[in-house]
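Residue numbers (my numbering), protein chains in the order written: chain A, 1 to 287; chain B, 288 to 574; chain C, 575 to 861; chain D, 862 to 1148. Remarks on the structure that follows.
There are 4 protein chains.
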Amino acid sequence: MPQMASSTGSSWISLEGMGIRIGFVSRNDPDSLRLVEKLVKRFGPRAEIMVDRDVSKQIGLAGRPVEEMDADFIVSVGGDGTILRTIHRMKDPIPILGINMGTVGFLVDVEPTDAVKTLEHLLFGFEVDERTRLEISLDGEMLPPATNEVVLITASPAKLLDFQITVGGSLLERLRADGMIFATSTGSTAYAMSAGGPIVDPRVDAIVLVPVAPFKLSARPWVIPGDSEIKVELTLPGKEALVVIDGQNMRNVTDRDVITIGRSPIPARFVRASRDGFYEKVKTKLS
Amino acid sequence: MPQMASSTGSSWISLEGMGIRIGFVSRNDPDSLRLVEKLVKRFGPRAEIMVDRDVSKQIGLAGRPVEEMDADFIVSVGGDGTILRTIHRMKDPIPILGINMGTVGFLVDVEPTDAVKTLEHLLFGFEVDERTRLEISLDGEMLPPATNEVVLITASPAKLLDFQITVGGSLLERLRADGMIFATSTGSTAYAMSAGGPIVDPRVDAIVLVPVAPFKLSARPWVIPGDSEIKVELTLPGKEALVVIDGQNMRNVTDRDVITIGRSPIPARFVRASRDGFYEKVKTKLS
Amino acid sequence: MPQMASSTGSSWISLEGMGIRIGFVSRNDPDSLRLVEKLVKRFGPRAEIMVDRDVSKQIGLAGRPVEEMDADFIVSVGGDGTILRTIHRMKDPIPILGINMGTVGFLVDVEPTDAVKTLEHLLFGFEVDERTRLEISLDGEMLPPATNEVVLITASPAKLLDFQITVGGSLLERLRADGMIFATSTGSTAYAMSAGGPIVDPRVDAIVLVPVAPFKLSARPWVIPGDSEIKVELTLPGKEALVVIDGQNMRNVTDRDVITIGRSPIPARFVRASRDGFYEKVKTKLS
Amino acid sequence: MPQMASSTGSSWISLEGMGIRIGFVSRNDPDSLRLVEKLVKRFGPRAEIMVDRDVSKQIGLAGRPVEEMDADFIVSVGGDGTILRTIHRMKDPIPILGINMGTVGFLVDVEPTDAVKTLEHLLFGFEVDERTRLEISLDGEMLPPATNEVVLITASPAKLLDFQITVGGSLLERLRADGMIFATSTGSTAYAMSAGGPIVDPRVDAIVLVPVAPFKLSARPWVIPGDSEIKVELTLPGKEALVVIDGQNMRNVTDRDVITIGRSPIPARFVRASRDGFYEKVKTKLS
């Protein structure tokens, strides 16, 4: 799929006259697993079904790891975490449809009671939304791209970090803080918002930087171009920090490490299931 | 000049071998007027000089209104207000160079002591930065485009407004507040920032919405696409509000009026004079 | 009634065996006036009733101005504004009970459907909560004390004020801003909160200072002792500002005026009608 | 020393005609140790000197643990951390004078170049400021009182906590967040401020509650009475949290633990060395 200049793109995938293939992943709790079982039973006769190996053991089916699924889309039953984890496991993410099992999430679109009806519609085709991700490298090693955000955060809650951020070679900020959040527009309504960041429409091609508990009254959230090349370095020796990606992947870093952040060439993809636009979601989920 | 999709563009204007024409505008205070006089005397022999009529009377020169200047660029001596007022007077704004007479401004780039040296350089050519503006209509009537921001604000400090904002036909927010700021990226470091908005890199193609004293704990700043079509309406009768553009133009509105805001096809233009990038300016001027 | 050192005090007023006297004030809208009429009819036989002159004309009763009422308590039918206006009219405020006609208010305690039941209870006695007010003087002239807040605010929305605040003779802050809010603990959940102030338990003996749209990233809300002596002065000539008390009283000020703010010796008084404490109210009314 | 109702008290300690006893503690860095050595040499002839055992080894003197010092006051050479650690080691804290070795701190009052001159003055007597501390118990076990703040914070940066806070038996808030800060007025300019809390004058008798990255747009800082009895509990099993006191002491907690927080009967004590009041310090250190 071609790289897109903007933060979001969408395309229609027609499935008419074709054999549809659906993958399933799930959070490991009884309700979620039961819903997967029900959906597999219901749609098994009409689609080729693949079930993630972790899930398949629990419900007594043959499984296949997400990494090897060649599905048209993947149904994720659980919360935003389930989706983010699944995306992290795929090199070129297959479109995901999130069924919401009780958590407040911006990525899960469908309530469990609407799951069957929604899937019925998708058998004929569906709209795919692409969302730009962040590409992160640690001393040259590529880490999994971030759909929501990458966070640099102190490893010991009592100790502030000292770090500096350059963008395209220019110093953006030198800061003492618990940490710093680098979020996509998509992630602006997740952790970045808790730390005081603005709500960014996912169509805005931008990266949002939000300091976490900065020891400096003038520190503010930043919104910079989506194609910025960001470099982050700890400026004091002896402090331990963590790099956390989408709340899923974690790595230790010290002042000898260099973190770079930029736009990932490969977006995350979501099956569009609800008619609600972004503003509607914000009103429903956040206020 | 062609319309640009992004919030900022730049181009090089070469003046080699051509007769250069420089316009002058000024804040009405002795220091500013004196500097204009000095610059006119210094550069008169080498350039065609036009002086704004308000200023010319004070310093005893023939004047010409800004509206009729066909200069290569205009030198504005004063503060951000002087620049914004000058832009409002031009249909298709000529590039402006701001000499900073003591105010903290993001639009004024050059210190008075550097004025002569800077102008010397510009005689051979200069870089022009284009900055997207907001187009505002009130019941269909076009108001002057905003370089920094357009604000909807209560006309009586004791009374909150009730209003709603739709973007592209979708309801973004219904709010009780003193008002709402709609800022360009350029304006994000002006009034929008005082009201709690994020710092937006001028290269981000976006409009920033910042509520002023919202009576709702969950109200937050928004960043939406630069090509959004915004509609604002008061939802309760009997309240008087003001629409203020760049702190310069003011109009009364009531619940019978409809305000629309979008991207102006004609940008503001600035002569690039300092090597400092945006991040450098933020550090120097804001912390 | 003795002055109280703390921000809040309470005392029980027993009415057993005594002829009770109830005053009524109302917002000027049909629903509110109808409710006053109903309550007057209902409790007329059992209490001495006084009706504010403005209201009495509308519902065809003999009236008496609030200023001359010698009631045990006053029933205010309307919103927070109705209560604040009534308090402003009394030299030594009689306890007020607020019936909430549709506005979100922290001072109105009783829903209209509970009005009769609540008044029945009060015939035998009631708890009175005292709330500290702010005493404001303008060039030595005493203005009405503030129950919620006194605000210094720019008279022209386009122009920032420059002002300085000293507390007990020490400079607290010099600021460019739209204005500054000086709130009681009681007022911390009103305008001060919209401008970003903290929620202050009314039992905390404090004054809250919240800047309105400060042009300075490091400006923050302050909480200072309740017995502080505050002096506010505009520091630049030529700017027009307003002093607004409880959103009800307004005065023009210039750089030649001195505003002083301190604790008023005479508190506001409220009839305690709901069992809900302050935290319960915040949860119900603000989230 | 008697317990004080207010957040701050002060008293004058006269030393005229008495043998003065001075304790020394230090941060473990060459500059700090060198300054201790210099001060010990200088004041040894005129005062009884006690040096903390950790320090004494480094500079070749006989030492005595802080816990056993019966000094008139203790000189702490280092930063706020050095002071906080020293206070934690004393049951009934001796007054401390902080010499500031390069960190931005609100508790360190004296610059190294002024150390000798300041100590000369103190030989005759000094003013002591008392600052209320927070008493913290974990399942009934008393932890060291907090001079600045006690923080409940997630032990794994990727996972939000779910917790509830009751004050005097009333539910104040139920929250999903990284954590919550409970600060004294003294601590309002430390970690609480980084997380967005107000500046609280140390004379205000209050506890400040500031949520850290709350996943709820309406969450706000609270200011509650200084004598409040606070109870904090995690509401979801399986999450690990930390209780961190003054950035010095750390304990693991789970949903089976109950944390209570209230006013400590024993205050922290500081030797008043600078004439600058609190507002002056805020201006110097924070903007």
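The C-beta atom is built at its ideal place from N, Cα and C for all residues, glycine as well.
Contact set between residue i and chain A, taken where Cβ atoms lie within less than 9 Å
i, result
"R794 of chain C", "L217"
Residues near residue i by beta carbon distance below 8 Å, same chain, minus five either side
i, result
"S156 of chain A", "E240"
Alpha-carbon spacing of residue i relative to residue j, whole angstroms
i, j, result
"R903 of chain D", "P237 of chain A", "34 Å"
"M824 of chain C", "L816 of chain C", "7 Å"
"S363 of chain B", "S170 of chain A", "28 Å"
"R846 of chain C", "D1039 of chain D", "37 Å"
"A402 of chain B", "M337 of chain B", "17 Å"
"D1000 of chain D", "L1095 of chain D", "13 Å"
"A595 of chain C", "I670 of chain C", "A small correction: the amino acid at residue 595 of chain C is Arg; Ala does not occupy that position in the sequence shown. The alpha-carbon atoms of R595 of chain C and I670 of chain C are separated by roughly 13 Å."
"P2 of chain A", "N148 of chain A", "Confidence at P2 of chain A is low in this model, with a pLDDT of 33, below 50, so the placement of that residue should be treated as unreliable; the coordinate-derived value is given next. The straight-line gap from Cα to Cα measures roughly 21 Å."
"D29 of chain A", "M1041 of chain D", "29 Å"
"L968 of chain D", "A1007 of chain D", "14 Å"
"D276 of chain A", "I13 of chain A", "20 Å"
"V1071 of chain D", "S1049 of chain D", "9 Å"
"M4 of chain A", "S264 of chain A", "Note that M4 of chain A scores a pLDDT of 36, beneath 50, so its modelled location is shaky and nothing firm can be said."
"L734 of chain C", "D1118 of chain D", "51 Å"
"A1068 of chain D", "S1089 of chain D", "The sequence given here places Ile at residue 1068 of chain D; Ala does not occur at that position. The straight-line gap from Cα to Cα measures roughly 8 Å."
"D339 of chain B", "G9 of chain A", "48 Å"
"S298 of chain B", "E120 of chain A", "54 Å"
"T471 of chain B", "G310 of chain B", "26 Å"
"S917 of chain D", "Q1109 of chain D", "22 Å"
"V104 of chain A", "L1036 of chain D", "13 Å"
"V66 of chain A", "Y191 of chain A", "26 Å"
"T82 of chain A", "D72 of chain A", "18 Å"
"L504 of chain B", "D449 of chain B", "15 Å"
"A1056 of chain D", "P214 of chain A", "7 Å"
"K117 of chain A", "R705 of chain C", "57 Å"
"T687 of chain C", "L613 of chain C", "12 Å"
"D533 of chain B", "R372 of chain B", "8 Å"
Chain C residues whose Cβ lies nearer than 7 Å to that of residue i
i, result
"I1085 of chain D", "D775 and V778"
"L409 of chain B", "Result: empty, since nearest Cβ-Cβ is about 30 Å, beyond 7 Å."
Spatial neighbours of residue i in its chain, beta-carbon cut-off 6 Å, leaving aside the 5 residues before and after
i, result
"P954 of chain D", "I948, A1129 and R1130"
"S293 of chain B", "Only weak support is given to the placement of S293 of chain B: the predicted model assigns it a pLDDT of 43, under 50, and the question is left unresolved by the model."
"K570 of chain B", "none"
"D109 of chain A", "G98, A273 and S274"
Beta-carbon neighbours of residue i, restricted to chain D and to distances below 7 Å
i, result
"L860 of chain C", "S1079"
"G679 of chain C", "Simply none; closest approach about 17 Å."
"G851 of chain C", "S1031"
Identity of the residues DSSP links to residue i by a beta bridge
i, result
"A528 of chain B", "B:T441 and B:V540"
"D703 of chain C", "C:S584 and C:F844"
"K805 of chain C", "C:T740 and C:T834"
"I370 of chain B", "Note: I370 of chain B sits in no beta bridge, so no partner."
"T184 of chain A", "A:I207"
"G652 of chain C", "C:N674"
"G753 of chain C", "C:I727 and C:V786"
"I623 of chain C", "C:I596"
Proximal chain A residues relative to residue i, where beta-carbon distance stays under 8 Å
i, result
"G350 of chain B", "Chain A residues near G350 of chain B: none, gap ~41 Å exceeds 8 Å."
Residue i: contacting residues in chain B (beta-carbon distance under 7 Å)
i, result
"M824 of chain C", "A445"
"I727 of chain C", "P444"
"V818 of chain C", "P444 and A445"
"V786 of chain C", "A500"
Neighbour list for residue i in chain D, Cβ cutoff strictly below 9 Å
i, result
"E854 of chain C", "S1031 and L1032"
C-beta neighbour in chain G for residue i, strict 8 Å
i, result
"G821 of chain C", "The structure shown contains no chain G; the protein chains it does contain are A, B, C and D."
Cβ shell of residue i (< 7 Å), same chain only, five flanking positions each side left out
i, result
"I440 of chain B", "D465, G466, V499, A528, L529 and V531"
Requested in this report: Residues of the segment 758–772 of chain C with a CB closer than 8 Å to any CB of chain B: list them in chain order, please.
Outcome: Y765, M767, S768, A769 and G770
Query raised in the report: Looking at chain D, which residues of the segment 732–744 of chain C have a Cβ within less than 8 Å of any of its Cβ atoms?
Result: V741 and S744
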